[in-house]
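First to last, the protein sequences are chains A and B. All you need for my numbering is the position in the first sequence, starting with 1, plus 8. Numbering follows my numbering, in which position 301 of the second sequence is assigned residue number 287; successive positions increment by one, without gaps. Written below as structure tokens is the structure these notes are about.
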Amino acid sequence: MEWEPPTPDGQFFDGPSLARIKALFSRIFPARANEGVPGAIDAGAFDYLDHLLVFEASVYREIPKWRALYRHALPILNEAALHHYDTNIENLTADQLDAFLTALSSGSLAGLPDDFGQIHFFSTLRQHCLQGCFSDSRWGGNADDIMWRWLGYQYDREDFS
Amino acid sequence: MSFDAPDVIIVGGGAGGSTAAYALAKRGFTVTVLDKCQTYQAEDFTPFDELHFASFGALTPSPVTDPDVYVGHSGKPRKVNRWWVGNMVGGASMIWESNLIRFTKEDFQVRSLFDTPPAGSSLQDWPWSYETFEPYFERAEDEWGVSGKAGQTSSQEPFRAGYEYPTPPLAPHPSTQFLQDTFARAGMSPYLGPKGINSMDRDDCPECMFCGFCQGYGCSITDRAGSNSRVLNKAVETGKCELRENHCVTRVDHENGVVKGVYYKTDPDGPEHHMTAPLVIVAVQAIQSAQPYWALPHVSYQGCFRSLVSGSRALEFGPRLCAALGPGWTEDSLSIATHIGQFTAARSLHD
Ligand SMILES: Cc1cc2nc3c(=O)[nH]c(=O)nc-3n(C[C@H](O)[C@H](O)[C@H](O)COP(=O)(O)OP(=O)(O)OC[C@H]3O[C@@H](n4cnc5c(N)ncnc54)[C@H](O)[C@@H]3O)c2cc1C
Ligand code: SF4
């Protein structure tokens, strides 16, 4: 029997949290319009994560862990943004987000609890961002197969300037 | 004839078990294959999906309910995902890449290759030679439908004069010529590898469509060999072999050092059942296959594992080294060390 993809049922994040994920994803895989490369925002990668996190563990056993991780980590990360830049993650400029994510990715973002697990959280974010960009659109990301059209996978290659 | 009391019980319907089942059934033995998993059909592997099948591990046992327990240098047991096993009848042969290279002559004589064996190892030469195995390689290549070409370069293993693979090699990839030239410039003799992937229709299985979802995925059109589309199906067709799915063998039964049968469960929480046969073949992958024999008093586990993990730190764990925590359905974290060593093929691509 063909495998049945799970049907998304509801969303995980509230408005502000989703805006924060969106901001972080926008700089993890940014669009490069001058090179015709679409980005995580064009692909709706945040929608992928928003749907993924409501699935049961039967879809994938790590999902409950990821739910707990985002619930725990996102508010703390936003506190760090407030501390460093006096504003929420979603209001940071691209340069500020880049500095913020770069520090997080190397475990050197100041002001976070020691046991936060910065590198692990960054790699989870990055993994989900890329999955939301490039996976089959049946999972809720890769809107209109935009990344596949850009890559030329299943489609003729297109530029997205 | 009864499949409840067969001539042979085979534990595991994967690459090894199914090949044995077909050979024995053809010779008239009654064979019962007990497999802990269920059969997947080709369409179960569609629609193609990297997240579901690969990233989310839909085709390998869960590290939560069916883990391997790894004890590394810290000595602390850790549950790991057994990516090298498939969670369906056919096991790893359903998700492998099906590179079906023969053992080389040197593989049979690993001890003799060393002037002094590596410290801590107990390397042995096999009691058989490449030549003894050659007719069986040929037979397996026929049964498993291997595509390839004999005698391309001197780095290939020797073939009988006039021997040719059942079907020609797969169409080369655009990068093949580049790789061949580059390796040749480096003084090596690359060749197109033999694969259990159809380069043309054969035995009701079509030719490869190069879908791109190959190793780690199930083949959706059975052109890539898996035990259930190459040998297990034929074993069952003889009428002399029965496959029993969802039969998880827990241990081997023995009396006075002689194996009499097996114990198995059909429900993780249910009772153990018993089945006897004059011959029992355990084929649930190299290291796991040793696990059901633990109950046998006269087997020296240390000895049998040492040669598998020669030179590895796992030796220090003594008798508990290197036993995979099969069969599944357990949540305990037994302090068992697993360390799979590997011989790099003794023969390199060099002449
Ligand atoms: C991704 C991948 C790629 C690979 N690529 C290659 C390759 O290119 N070339 C190559 O030669 N090899 C390759 N291999 C290795 C090869 O697949 C295995 O070595 C081979 O399948 C082992 O054969 P087996 O019969 O011992 O076990 P398997 O083929 O794994 O079969 C084991 C069977 O036993 C069953 N079983 C397990 N435990 C129990 C139990 N307790 N009771 C009852 N049944 C049980 C399983 O359900 C399964 O059906 C690859 C493996 C993997 C995972
Ligand atoms: S069709 Fe070809 S490429 Fe696809 S899984 Fe089968 S053997 Fe591999």
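Built from N, CA and C at the ideal position, the CB exists for glycine as well.
*Would a C-beta distance cut-off of 8 Å place LEU57/A and HIS136/A closer than the cut-off?*
Yes, the Cβ-Cβ distance between LEU57/A and HIS136/A is below 8 Å.
*Chain-ordered residues of the region 132 to 145 of chain A with a beta carbon less than 7 Å from chain B*: Here the close residues are GLN139, SER143 and ASP144.
*Would you identify the three-state DSSP class for ARG216/B, choosing helix, strand or coil?*
Helix at ARG216/B.
*asked:* What residue range does the beta strand (DSSP E) around ILE(-4)/B cover?
replied: Where ILE(-4)/B is concerned, the enclosing beta strand (DSSP E) starts and stops at -6 to -3.
*For chain B, is any of its Cβ atoms less than 8 Å away from the one on TYR68/A?*
With 8 Å as the cut-off, TYR68/A counts as an interface residue toward chain B.
_Bridge partners for CYS191/B per DSSP, in chain order?_
According to DSSP, which records beta bridges pairwise, CYS191/B is partnered with ARG188/B.
*Taking 7 Å as the cut-off, does the CB of GLY77/B come closer than this to any heavy atom belonging to ligand 4?*
The model on display carries ligand 1 and ligand 2 but not ligand 4.
_Among ALA6/B, THR5/B and THR16/B, nearest to GLU228/B - alpha-carbon criterion_ = The residue among ALA6/B, THR5/B and THR16/B with its C-alpha nearest the C-alpha of GLU228/B is THR16/B.
*For THR338/B, which residues in chain A fall below 8 Å Cβ to Cβ?*
Because chain B here runs from -13 to 337, residue 338/B falls outside it and cannot be looked at.
*Counting only the same chain and skipping the five closest in sequence on each side, list residues whose C-beta sits under 7 Å from that of THR184/B.*
Per the sequence shown, the amino acid found at residue 184/B is Asn instead of Thr. Counting only Cβ-Cβ distances below 7 Å, and skipping sequence neighbours, we find GLY131, SER133, THR153, CYS191, PRO192, GLU193, CYS194 and ASP209.
*How would you list, in chain order, the residues of chain B whose beta-carbon sits under 9 Å from the beta-carbon of TRP147/A?*
Within chain B, the residues near TRP147/A are ASP35, LEU37 and HIS38.
*Can you tell me the Cα-Cα spacing of PRO(-4)/B and SER4/B, whole angstroms?*
Rather than Pro, the amino acid found at residue -4/B in this sequence is Ile. Taken atom to atom, the span from the alpha-carbon of ILE(-4)/B to that of SER4/B is near 8 Å.
_Ranges of the beta strand (DSSP E) found wholly within the region -4 to 58 of chain B, counting only runs of at least 3_ = Complete beta strand (DSSP E) runs here, min 3: 17 to 20 and 54 to 57.
*Expected contact under 8 Å - CB spacing of THR51/B and GLU231/B to nearest Å*: With a Cβ gap of about 18 Å, THR51/B and GLU231/B do not count as contacting.
*Classify ILE49/A as helix, strand or coil using the three-state DSSP reduction.*
In this structure, ILE49/A counts as helix in the three-state DSSP scheme.
*Is any beta-carbon of chain A found at less than 8 Å from that of TRP315/B?*
Note that TRP315/B scores a pLDDT of 27, beneath 50, so its modelled location is shaky and nothing firm can be said.
*Does GLU29/B have its Cβ less than 8 Å from a Cβ in chain A?*
Interface residue, yes.
*Going along the chain, which residues of its own chain have a beta-carbon closer than 6 Å to the beta-carbon of HIS59/A, five neighbours each way excluded?*
PRO16 and GLY148.
_Contact with chain A by PHE196/B, beta-carbon distance below 8 Å_ = At least 8 Å separates the CB of PHE196/B from every CB of chain A.
*Could you list which residues in chain A have their beta carbon closer than 8 Å to that of VAL50/B, in chain order?*
Residues of chain A with a Cβ closer than 8 Å to the Cβ of VAL50/B are, in chain order, ARG69.
*Relative to ligand 2, what is the chain-ordered list of residues with a Cβ closer than 7 Å to any of its non-hydrogen atoms?*
Each of ILE183/B, CYS194/B, MET195/B, PHE196/B, CYS197/B, GLY198/B, PHE199/B, CYS200/B, TYR203/B, CYS205/B, SER206/B, ILE207/B, ASP209/B and ARG210/B has a C-beta closer than 7 Å to some heavy atom of ligand 2; these make up the full list, in chain order.
*Count the other CB atoms within 10 Å of the CB of SER415/B; is the residue buried (16 or more) or exposed (fewer)?*
Past the edges of chain B, shown from -13 to 337, lies residue 415/B, and the structure says nothing about it.
*Determine whether the Cβ of PHE199/B lies closer than 8 Å to any Cβ atom of chain A.*
Residue-level contact check: PHE199/B does not touch chain A, since none of the beta carbons of chain A fall below 8 Å from its beta carbon.
*asked:* Counting C-beta neighbours from all protein chains within 10 Å, is the total for HIS233/B 16 or more, i.e. buried, or is it exposed?
replied: Flag for HIS233/B reads buried.
*Candidates LEU10/B, LEU20/B and TYR177/B, of which the one nearest LEU165/B by Cα*: For the options LEU10/B, LEU20/B and TYR177/B, the alpha carbon positioned closest to that of LEU165/B is the one of TYR177/B.
_Given the structure, does ALA9/B come close to ligand 1, in the sense that its CB is under 7 Å from one of the ligand's heavy atoms?_
No - ligand 1 has no heavy atom lying nearer than 7 Å to the Cβ of ALA9/B.
*Would you be able to state if there are at least three C-beta pairs under 8 Å between the region 214 to 224 of chain B and the region 137 to 144 of chain B?*
Taking one beta carbon from each stretch, the region 137 to 144 of chain B and the region 214 to 224 of chain B have fewer than 3 pairs nearer than 8 Å; the two do not touch.
*How far does the beta strand (DSSP E) with THR118/B in it reach, from first residue to last?*
Counting along the chain, THR118/B falls outside any beta strand (DSSP E), though it belongs to the alpha helix (DSSP H) covering 116 to 129.
*If you run the structure through DSSP and keep just helix, strand and coil, what is THR153/B?*
It is a strand residue.
_To the nearest angstrom, how far is the alpha carbon of GLY160/A from that of VAL248/B?_
Cα to Cα, the separation comes out at about 54 Å.
*Below 8 Å between beta carbons: does that hold for PHE39/B and TYR203/B?*
Yes, they are a contact pair.
_Limits of the unbroken alpha helix (DSSP H) element including ASP106/A_ = ASP106/A -> alpha helix (DSSP H) spans 102 to 113.
*Is the region 86 to 96 of chain B in contact with the region 115 to 128 of chain B, if contact means three or more CB pairs nearer than 8 Å?*
Yes: the two stretches touch, three or more of their Cβ pairs being nearer than 8 Å.
*So which of THR224/B, ALA263/B, GLU258/B and PRO257/B has the shortest CA-CA distance to GLU241/B?*
When only C-alpha atoms are compared, the closest one is ALA263/B.
*For SER107/B, which of VAL96/B, TRP114/B, TYR116/B and GLU117/B has the nearest alpha-carbon?*
It is VAL96/B whose Cα lies nearest to the Cα of SER107/B.
*For the region 112 to 120 of chain A against the region 70 to 88 of chain A, are there 3 or more C-beta pairs whose distance is under 8 Å?*
Contact between the region 112 to 120 of chain A and the region 70 to 88 of chain A is present, because at least three Cβ pairs lie under 8 Å.
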